[in-house]
Amino acid sequence: MPTSALCFILTINRPLWAQVHTHKKIMAHRYFLTDINDNIATVTDSEAVHLCRVMRIKSGDEVILCDNSGFDYRAAAKDISEKLITFDILEKTKNTAEPAKDLVVYMALPKSDKLEFIVQKACELGARKLVPFVSEFCVAQKSKKEDSKKLRLAKISAEAAKQCGRSTPMEIGDTITFKQLLGELKQNDINLFFYEHADMPLNKVDFADKQTVGVIIGSEGGFSQKECQQLAENGAVTISLGKRILRCETAAVSAITLAMYNMGEME
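Under the numbering used here, the first residue of the sequence shown carries the number 101, and numbering increases by one thereafter.
Next comes the structure, spelled out in structure tokens:
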């Protein structure tokens, strides 16, 4: 190709390159705001650090901010530092990914890192809260570093909420005893006890007037006969997940999915 032709191409392309790199970015990622007042939102802590160091946010770049109460905000970056970023709110919309009904998952402590997987999937599927508990046949026990473990699970929930488009992370409850679990069940409109020896399918349950639904799932060791009896005495409806014995993490995802579907939350 002649030199003159090369020069012509460079002359044409340089302005286009400049336009692309000076244009504001619209980021698909979601972030949780720290505060919002008079159409000005602030983002601090790890969210601000991530936006600065990883996303290289510039003034004018747009993001979606979430407020933990069911709303999303399209916002443009204004003042930027790793400690605090301020945004101008451009638009406020109701988040459509948040379920209308509340699902509370009671998960008997599983071994290793299975709980982290269950937390991630429960949040993605729309659960409002997950409460770990210790039953008689749990191999895993309450951690001596309960606070740090809970913070870890909360972080996993927050990341899962961003990924699936929710505006509110699933809440992580403190690890409780089986006796405490029985007391907490009274807060719900109905409680579903998923048990391998049950016969009743979930589609027989009427969710029409049920706002808060509890889902009880066992660990690798399952439940003792005494625990099954106590759950029944406290009003839990025993539900089957089919003829096959499922791993606890498979049972958790299956139970949550079926409950959300039958509640009309997967339409």
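All C-beta atoms in this analysis are idealised placements derived from N, C-alpha and C, irrespective of residue type, glycine included.
Closest Cα partner of residue i within the set the options
{"i": "Leu253", "options": "Gln263, Leu230 and Gly283", "result": "Leu230"}
{"i": "Asp179", "options": "Asp172, Tyr173, Asp188 and Phe171", "result": "Asp188"}
{"i": "Leu151", "options": "Ala141, Ala208, His129 and Asn137", "result": "His129"}
{"i": "Val154", "options": "Pro301, Asp289 and Glu182", "result": "Glu182"}
{"i": "Ile345", "options": "Ser257, Gln325 and Tyr295", "result": "Tyr295"}
{"i": "Ala148", "options": "Ile140, Thr134, Asp138 and Asn139", "result": "Thr134"}
{"i": "Thr186", "options": "Ser146, Ala141 and Leu282", "result": "Ala141"}
{"i": "Val67", "options": "Phe132, Leu285, Lys250 and Asp145", "result": "Residue coverage of the chain in this structure runs from 101 to 367, which leaves residue 67 outside it and unanswerable."}
{"i": "Ser257", "options": "Phe278, Asp306 and Ala227", "result": "Ala227"}
{"i": "Ile126", "options": "Ala175, Ser146 and Leu209", "result": "Ala175"}
{"i": "Glu367", "options": "Ala336, Val305, Thr277 and Leu225", "result": "Leu225"}
{"i": "Met207", "options": "Pro269, Met300, Asn137 and Leu281", "result": "Leu281"}
{"i": "Asn303", "options": "Arg347, Leu285 and Val337", "result": "Val337"}
{"i": "Lys158", "options": "Ser146, Ala177, Thr144 and Asp145", "result": "Ala177"}
Integer Cβ distance of residue i from residue j, believed to fall under 8 Å
{"i": "Val205", "j": "Ile356", "result": "6 Å"}
{"i": "Ser354", "j": "Cys238", "result": "That pair is no contact at about 20 Å."}
{"i": "Asn168", "j": "Ser267", "result": "7 Å"}
{"i": "Gly170", "j": "Lys194", "result": "6 Å"}
{"i": "His333", "j": "Glu236", "result": "Looking at the sequence itself, residue 333 is Glu, so the reference to His does not match. Contact doesn't hold; Cβ gap of about 16 Å is too wide."}
{"i": "Ala200", "j": "Glu365", "result": "7 Å"}
{"i": "Asp289", "j": "Lys310", "result": "4 Å"}
{"i": "Thr277", "j": "Val234", "result": "6 Å"}
CB contact flag (residue i, residue j, <8 Å)
{"i": "Leu331", "j": "Ile317", "result": "no"}
{"i": "Gly314", "j": "Leu292", "result": "yes"}
{"i": "Ala359", "j": "Leu203", "result": "yes"}
{"i": "Tyr173", "j": "Leu165", "result": "yes"}
Nearest-angstrom Cα separation, counted from residue j out to residue i
{"i": "Gly273", "j": "Pro232", "result": "7 Å"}
{"i": "Ala298", "j": "Tyr361", "result": "20 Å"}
{"i": "Lys242", "j": "Ala308", "result": "36 Å"}
{"i": "Ala197", "j": "Glu259", "result": "15 Å"}
{"i": "Arg114", "j": "Met363", "result": "Confidence is the limiting factor: at Arg114 the pLDDT is only 37, short of 50, which leaves the residue's position unreliable, though a coordinate-based value still follows. In a straight line, the C-alpha of Arg114 is about 56 Å away from that of Met363."}
{"i": "Gln263", "j": "Thr275", "result": "26 Å"}
{"i": "Ser212", "j": "Ala352", "result": "16 Å"}
{"i": "Thr122", "j": "Thr312", "result": "In this predicted model, Thr122 has a pLDDT of only 45, less than 50, meaning its place in the structure is not dependable; the value taken from the coordinates is given anyway. Each residue's alpha carbon lies about 49 Å from the other."}
{"i": "Gln287", "j": "Val143", "result": "34 Å"}
Sequence-distant residues of the same chain with beta carbon closer than 7 Å to residue i, five excluded per side
{"i": "Phe217", "result": "Glu349"}
Close Cβ partners of residue i (< 6 Å) along its chain, the five nearest in sequence each way excluded
{"i": "Glu191", "result": "Arg174"}
Nonlocal neighbours in the same chain, by C-beta distance under 8 Å from residue i, ignoring five residues either side
{"i": "Pro301", "result": "Ile339 and Ser340"}
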